[in-house]
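Residue numbers (this note's numbering): 19 to 202.
Comments concern the structure below.
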Amino acid sequence: MIGLVFVLLAVVLPRAVSLVASLVITPVVMTEDWLLHSRDTVPMYLRDRNELIAAQRELERELAARDGSEYAINQLLVENEELRALLGTASTSRIGAGVIGRPTELPYDTILIDRGSRDGVVENAPVFAGAEQTIGFIGRVYPHTAVVVLATTPGISSTVYIYGPNIYTVAEGMGGGIIRVHVP
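So this is what it looks like as structure tokens:
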């Protein structure tokens, strides 16, 4: 008798488990499919909201990384000023100058500016466009003018910082306004 009960359970039980499982799982699968693929208002709202939350979290991570990078840059600036003070070159005064000759008017990758030795311009001083972008250096100084050698001049190598991957690398002037940056 007990053997017959086990045989009946073995035959009936899998069908009962299968029936119960399909009754429970089918609505779950259908709801998941509806939420993931339906164009109805509620699923689209939930998907859009989840995408916005994910985008917000990604932006928060980027902002935190940028804050860390900004802190590191500020620390480097402070260290740079301290090193300049130790070398006795703490003065970072700049001289404003107008461009009176451009590469289209002059040979090679050079610029002629309207300030010279009488204005305090010295050879090999860096030349900036704006506050932080170095575009070259003073190659020759005359009493009222100076020649700026641009970073794009062939044979000129400079260390550059690339935002995004946050790396330092070497840039080489190729001439004709072209600069080649070597990226690892």
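Glycine included, every Cβ here is placed at the ideal spot set by N, Cα and C.
- Taking 8 angstroms as the upper bound for CB-CB distance, Val-178 and Ile-156 are not in contact here, some 20 angstroms apart.
- In the three-state scheme derived from DSSP, where H, G and I count as helix and E and B as strand, His-162 is classed as coil.
- The criterion of a C-beta distance shorter than 8 angstroms is satisfied by Ile-113 and Arg-133.
- Contact between the region 118-132 and the region 89-98 is not established, with fewer than three Cβ pairs separated by less than 8 angstroms.
- Bridge pairing for Glu-190: Ser-175, Arg-198 [DSSP].
- DSSP places Thr-59 in the uninterrupted alpha helix (DSSP H) bounded by 59-105.
- Distance from Gly-191 to Ala-169 at the Cβ level is roughly 6 angstroms; contact confirmed, criterion being Cβ atoms closer than 8 angstroms.
- Between Val-166 and Val-199, the gap from beta carbon to beta carbon reaches 8 angstroms or more.
- In the same chain as Arg-120, and ignoring 5 residues on each side of it, the C-beta atoms closer than 7 angstroms to its own belong to Ile-129, in chain order.
- Beyond the five residues adjoining it in sequence on each side, Val-159 comes within less than 7 angstroms, by CB distance, of Gly-134, Ser-135, Val-139, Val-140, Glu-141 in the same chain, given in chain order.
- Runs of beta strand (DSSP E) with 3 or more residues, each lying fully within the region 111-167, are found at 117-119, 128-131, 144-147, 151-159, listed in chain order.
- Judged by beta-carbon spacing, Leu-53 lies beyond the 8 angstroms limit of Pro-45, meaning their Cβ atoms are not closer than that value.
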